[in-house]
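**Q**
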Amino acid sequence: MATEVMQSAEPRTNYLNAGHTVKSWLLTLDHKRIGLLYLFSISAFFFIGGIYATLIRLELVTPQGDLMTAETYNKVFTMHGVIMIFFFLIPSIPAVLGNFLLPLMLGAKDVAFPRLNLLSWYVFIVGGGMFMLTMINGGIDTGWTFYPPYSSIYSNTQVTLAGVSIFITGFSSILTGLNFMVTIHTMRAPGMTWFRLPLFVWAHYATSLIQILGTPVVAITVLALGFERTLQIGIFDPKLGGDPVLFQHMFWFYSHPAVYIMIIPSMGVVSELIANMTRKRVFGYHFVAFSSLAIAVFGFLVWGHHMFTSSQSMYAGLVFSLITYAVAIPSAIKTFNWTATIYKGSVSFDTPMIYALAFLGLFTIGGMTGLFLAAMGLDVHLHDTYFVVAHFHYVMVGGAIIGYLGGLHFWWPKITGKMYPEIWGRISAAIVFLGFNLTFFPQFVVGYLGMPRRYHSYVPEFQVLHILSSAGASILALGFLMPVFYFAWSIKYGKPAGANPWGAVGLEWQTPSPPPTENFTYQPVITTEAYEFEHVEEIKNAGKAEALQTA
Amino acid sequence: MAEHATHVPGLAHHFVSMEQQKEAGTLGMWIFLLTELMFFGGLFLAYTIYRTTYPEGFLYGSHLLNVPLGGTNTVVLIVSSLTMAMAVYYSQLGEKKKLIFFLLVTLALCFVFLIIKYFEYMSKIHDHLFPAFGTYHPSTTGPHGIPLELQQPVRVFLWIYFLMTGLHALHMIVGAGILITLIYMAQKGRFTKQYNSPVEISGLYWHFVDIVWIFLFPLLYLTGFHVSGAGH
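Respectively, the protein sequence lines represent chains A and B. Everything in the first sequence is counted per the working numbering, starting at 358 for the first residue and increasing by one. Everything in the second sequence is counted per the working numbering, starting at 122 for the first residue and increasing by one.
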């Protein structure tokens, strides 16, 4: 698609040039600036987590554990997991894109509680800082799952400090979820009915529900673990009458739904990308909207599938297995509806669409292999193997991160007012896609053949597959690094984007880029449903007129 | 209308109207209470599991608790809920003096609860019943003695008791902070007939903390209260 340059939208105050001091950023109550604060913080965590991933893949190039000791390796994969999950994936789309876009999409001036929003970032920074302290003090080696009694009694690493940092970070997630839910309920512009909401908003509503209901449970769980370690009170210690499996139940009650905290926002992004890049109304809007909620609700009832081999009753396992299968239904509804949306659409292959298509394929593989693991008999064979590792990386990287990157490219012109170089965007998207598959597809095979996860050495037969995986990881790393450079480049040298470079629908495109501090210079009134491409020319012209007026 | 509304005292700039702001605040507090419910929920789950695993331990442990003191605290909290409701009522009428009076009474009742709780905790620690730091050395005889075979299960009951009531007491302390802030704000004349939602929202929090205790009291103090001969 040709990018339209609208010079006239340049000299005016927007949220970026409204203040230039450090204080104006650190004390900002503007949801757009807070979104950017999150963007910088989680990007830092992403690259720290990436360094740990690099170390893992380097160690696994050879069958012998020769790069580091088993103890060090334990720490490395734990740090990778904790950082990527708690400090990157969970905040990623909601805290960055959600924060930036939600009020814009609703036609509001800000989220319902701007101070709470800023507080959530500070809480995140305190939690993240404490985890960095954990890292400097030697890290932890329990795995990101913190299973007792290893974590509570035997591990000599900084489990308590790490637990406290996760406890604190959890509140940042709760505050974001609470804020979004209230915002969606109370801050919608006149005429913005529930079924006129963009699907991105529906996805964030479902995500908030999980953040609100799940996160407190993991908070109390790590709190209990902290007490267990420091006070020896025996909550999960069988020697003192406790039950270590209770920890697993409580942990997964949050941590399975947490997977949906990571993937549902990404699905919301993909809905927006596919609609706007094929210029068609999303097929079965209501089904896609409700399937987000269905995933959120089902997600709370499947935690036991992590414990098929942990002394759980077979009959409980049967029920958990069946409900896990049920999650596939709303997921498939989404996938089929997106495919139907693309059918006979005028498809553009700009970077966001490449990411959206990559998401469709990778998420399908990730989701389908999830069904393998939901089958109790097969799971006994695959449990704790690289098959599981490959499965959740297909969902977390192939789903969540691909969606996040697609969204970042799509809304980058809105965030900065500048276009990124399209050709580099496409190249890096292709590199990410290829590198990702080369990294993780061999892990399905090596896992199926019996390679357990969390081992730093393995039998020589697996070396070829591991070398493929490590080679893929270096390609993937290149793909992830490229956007850093061209995004930074685009801020100074990118072409001005104009209010609506994609000719997209949605309220956020009807205000100048970057948006003014108060988001809209007029009170938006909504008269059509989302994704009304019949009126797109009208909307585009209205956006243009608006931009000209405010110039 | 939006232009005009920004001049209303107490209305934040990003809301269109006072009603919208109040709705957001109230919904926010309800959702926060939902998270609190899930937070305590984890411990209620642990309670259920361990009470099923160690029925005798829970029966015995329950009898170690001081029912008159716990009962007094229950009454104190229920009355404090009433006084808090009165404070909300008078804030809506814009009666500053009565509002401050009832907030002060609520605060006083909060301190009464915490002082009683303090003495309860102290007596447990004194009897070597605190289940942490290796200080748990109950005697096997006497009114606070526990038979040897029940010492482990009773220990489980006791950490649940300390963790749940401790978290509850922490919420009371936070509540005291909120009350003090409200009293200060009310003193400064911030609350009017039009703007009083902070009092109302804090009231929701206060009632929630009370309700948690309404569940804790029977579950912890009154387990098997009707079973004669159990315990001492």
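For every residue, glycine included, the Cβ atom is placed at its ideal position computed from N, Cα and C.
1. If we cut at 8 Å on Cβ distances, does residue 659(A) have a partner in chain B?
2. At a CB distance below 9 Å, what residues from the region 237-256 of chain B approach chain A? Give them in sequence order.
3. Is the CB-CB distance between residue 583(A) and residue 591(A) below 8 Å?
4. Would residue 909(A) and residue 620(A) be called neighbours here (beta carbons separated by less than 8 Å)?
5. Which residues in chain D sit within 7 Å of residue 590(A), going by Cβ to Cβ distance?
6. Determine contact between the region 529-546 of chain A and the region 627-639 of chain A, defined as no fewer than three beta-carbon pairs at a distance below 8 Å.
7. Please determine, among 341(B), 338(B), 318(B) and 140(B), the residue with the shortest C-alpha to C-alpha distance to residue 215(B).
8. Got a sec? Which residues, its chain only, sit under 6 Å from residue 497(A) by beta carbon, not counting five neighbours each side?
9. So what does DSSP say about residue 385(A), is it helix, strand or coil?
10. Can you confirm whether residue 162(B), when its beta carbon is compared against all beta carbons of chain A, has any partner nearer than 8 Å?
11. Our contact map puts residue 594(A) next to residue 506(A) with C-beta atoms below 8 Å; I'd like the distance itself, whole angstroms only.
12. Taking the CB atoms as reference points, tell me whether residue 567(A) and residue 618(A) lie closer together than 8 Å.
13. Would you list, in chain order, the members of the region 152-181 of chain B that have their beta-carbon closer than 9 Å to a beta-carbon of chain A?
14. Would you check if there are 3 or more beta carbon pairs closer than 8 Å linking the region 477-491 of chain A to the region 642-656 of chain A?
15. Spell out whether any CB of chain A is found under 8 Å from the CB atom of residue 290(B).
16. If you measure between the beta carbons of residue 235(B) and residue 204(B), is that distance less than 8 Å?
17. DSSP beta-bridge partners for residue 742(A)?
18. What are the partner residues of residue 775(A), as DSSP defines its beta bridges?
19. Would you report the Cα separation of residue 177(B) and residue 539(A), rounded to the nearest angstrom?
20. Measuring CA to CA, which of 240(B), 213(B) and 130(B) is closest to residue 191(B)?
21. Rounding to the nearest angstrom, what Cα-Cα distance links residue 802(A) and residue 563(A) in this structure?
22. According to DSSP, is residue 736(A) part of a helix, a strand, or is it coil?
23. Measuring alpha carbon to alpha carbon, tell me which of 394(A), 558(A), 770(A) and 442(A) ends up nearest residue 410(A).
24. What does residue 615(A) touch in chain B if you count any residue whose Cβ is under 8 Å from its own?
25. Is the region 781-788 of chain A in contact with the region 809-829 of chain A, if contact means three or more CB pairs nearer than 8 Å?
26. Would you verify that the beta carbon of residue 148(B) is, or is not, closer than 8 Å to some beta carbon of chain A?
27. State the DSSP-derived secondary structure class of residue 134(B), mapped to helix, strand or coil.
28. Is there a Cβ of chain A sitting closer than 8 Å to that of residue 206(B), yes or no?
29. Do we get a CB-CB distance below 8 Å when we pair residue 469(A) with the residues of chain B?
30. Decide if residue 648(A) is buried, meaning its Cβ has at least 16 other Cβ atoms within 10 Å, or exposed.
31. Hey, quick one: how far does the alpha helix (DSSP H) through residue 273(B) stretch, first residue to last?
32. Beta-carbon separation of residue 558(A) and residue 463(A) under 8 Å?
33. Within 10 Å of its beta-carbon, does residue 421(A) have 16 or more other beta-carbons around it, so buried, or fewer, so exposed?
34. Below 7 Å on C-beta distance, what does residue 542(A) contact in chain B?
35. Which of helix, strand or coil does DSSP assign to residue 373(A)?
36. Would you kindly report the start and end of the unbroken alpha helix (DSSP H) that includes residue 245(B)?
**A** In short, the structure shows the following:
1. On the first sequence, residue 659(A) is found 302 positions in, with the first residue counted as 1. No, its Cβ sits nowhere closer than 8 Å to a Cβ of chain B.
2. Within the region 237-256 of chain B, the qualifying residues are 252, 253, 254 and 255.
3. As a first step, residue 583(A) must be located in the first sequence, where it is residue number 226. As a first step, residue 591(A) must be located in the first sequence, where it is residue number 234. Cβ distance not < 8 Å, so residue 583(A) and residue 591(A) don't count as in contact.
4. What is shown of chain A runs 358 to 908, which leaves residue 909(A) out entirely.
5. Of the protein chains in the structure, A and B, none is chain D.
6. Too few Cβ pairs lie closer than 8 Å, so no.
7. Numbered from 1 along the second sequence, position 94 holds the residue referred to as residue 215(B). Shortest Cα-Cα distance from residue 215(B) to any of 341(B), 338(B), 318(B) and 140(B) involves 318(B).
8. Within the first sequence, numbered from 1, the residue matching residue 497(A) stands at position 140. Apart from the 5 residues on each side of it in sequence, residue 497(A) sits with its Cβ closer than 6 Å to the Cβ of 435, 514, 515, 516 and 519 in its chain, given in chain order.
9. What you label residue 385(A) is simply residue 28 of the first sequence in a count that begins at 1. Under the three-state reduction of DSSP output, residue 385(A) falls in the coil class, being neither helix nor strand.
10. Residue mapping note: residue 162(B) aligns to position 41 of the second sequence, counting from 1. Interface annotation, residue 162(B): in contact with chain A, CB-CB separation under 8 Å.
11. Reading the first sequence from its first residue, position 237 is the one you call residue 594(A). Reading the first sequence from its first residue, position 149 is the one you call residue 506(A). Sure, about 6 Å apart at Cβ, within 8 Å.
12. Numbered from its first residue, the first sequence carries residue 567(A) at position 210. Numbered from its first residue, the first sequence carries residue 618(A) at position 261. The answer is yes: Cβ separation under 8 Å.
13. Within the region 152-181 of chain B, the residues whose Cβ lies closer than 9 Å to some Cβ of chain A are 152, 153, 155, 156, 157, 158, 159, 160, 161, 162, 163, 164, 166, 167, 170, 171, 174, 175 and 178, listed in chain order.
14. The region 477-491 of chain A is not in contact with the region 642-656 of chain A.
15. Taking the first residue of the second sequence as 1, we reach residue 290(B) at position 169. The C-beta of residue 290(B) comes no closer than 8 Å to any C-beta of chain A.
16. To locate residue 235(B), count along the second sequence from 1; it is residue 114. To locate residue 204(B), count along the second sequence from 1; it is residue 83. Result no, Cβ atoms of residue 235(B) and residue 204(B) do not sit closer than 8 Å.
17. Taking the first sequence and counting its residues from 1, the one referred to as residue 742(A) is at position 385. In the DSSP secondary-structure assignment, residue 742(A) is bridged to 809(A).
18. In the first sequence, counting from the first residue as 1, residue 775(A) sits at position 418. DSSP lists 853(A) as the beta-bridge partner residues of residue 775(A).
19. Translated into the one-based positions of the second sequence, residue 177(B) becomes position 56. Translated into the one-based positions of the first sequence, residue 539(A) becomes position 182. The alpha-carbon of residue 177(B) is positioned some 45 Å away from that of residue 539(A).
20. Within the second sequence, numbered from 1, the residue matching residue 191(B) stands at position 70. Shortest Cα-Cα distance from residue 191(B) to any of 240(B), 213(B) and 130(B) involves 240(B).
21. In the first sequence, residue 802(A) corresponds to position 445, counting from 1. In the first sequence, residue 563(A) corresponds to position 206, counting from 1. Going from the Cα of residue 802(A) to the Cα of residue 563(A) covers about 34 Å.
22. Stepping through the first sequence from its first residue, residue 736(A) is reached at position 379. Three-state DSSP puts residue 736(A) in a helix.
23. As a position in the first sequence, residue 410(A) is number 53, starting the count at 1. For residue 410(A), the closest of 394(A), 558(A), 770(A) and 442(A) by C-alpha to C-alpha distance is 442(A).
24. Taking the first sequence and counting its residues from 1, the one referred to as residue 615(A) is at position 258. Among the residues of chain B, none has a CB under 8 Å from the CB of residue 615(A); the nearest is roughly 14 Å distant.
25. They do not touch, by the three-pair rule.
26. Taking the second sequence and counting its residues from 1, one reaches residue 148(B) at position 27. By this cut-off, residue 148(B) is an interface position.
27. Taking the second sequence and counting its residues from 1, the one referred to as residue 134(B) is at position 13. Residue state, collapsed to three classes: coil.
28. Counting from one through the second sequence, the residue named residue 206(B) turns up at place 85. With 8 Å as the cut-off, residue 206(B) does not count as an interface residue toward chain A.
29. Sequence index remark: in the first sequence, residue 469(A) carries index 112 (1-based). At least one CB of chain B lies nearer than 8 Å to the CB of residue 469(A).
30. Numbered from 1 along the first sequence, position 291 holds the residue referred to as residue 648(A). Per the 10 Å Cβ criterion, buried.
31. Position 152 of the second sequence, counting from 1, holds the residue named residue 273(B). For residue 273(B), the enclosing alpha helix (DSSP H) covers residues 272-308.
32. To locate residue 558(A), count along the first sequence from 1; it is residue 201. To locate residue 463(A), count along the first sequence from 1; it is residue 106. Taking 8 Å as the Cβ cut-off, residue 558(A) and residue 463(A) qualify as a contacting pair.
33. Numbered from its first residue, the first sequence carries residue 421(A) at position 64. Counting Cβ neighbours within 10 Å, residue 421(A) comes out exposed, since fewer than 16 surround it.
34. The residue labelled residue 542(A) in the question sits at position 185 within the first sequence. One finds 148 in chain B with Cβ atoms closer than 7 Å to the Cβ of residue 542(A), taken in chain order.
35. Stepping through the first sequence from its first residue, residue 373(A) is reached at position 16. It is coil, neither helix nor strand.
36. Here the question's residue 245(B) lines up with position 124 in the second sequence. From DSSP, the alpha helix (DSSP H) with residue 245(B) extends over 217-247.
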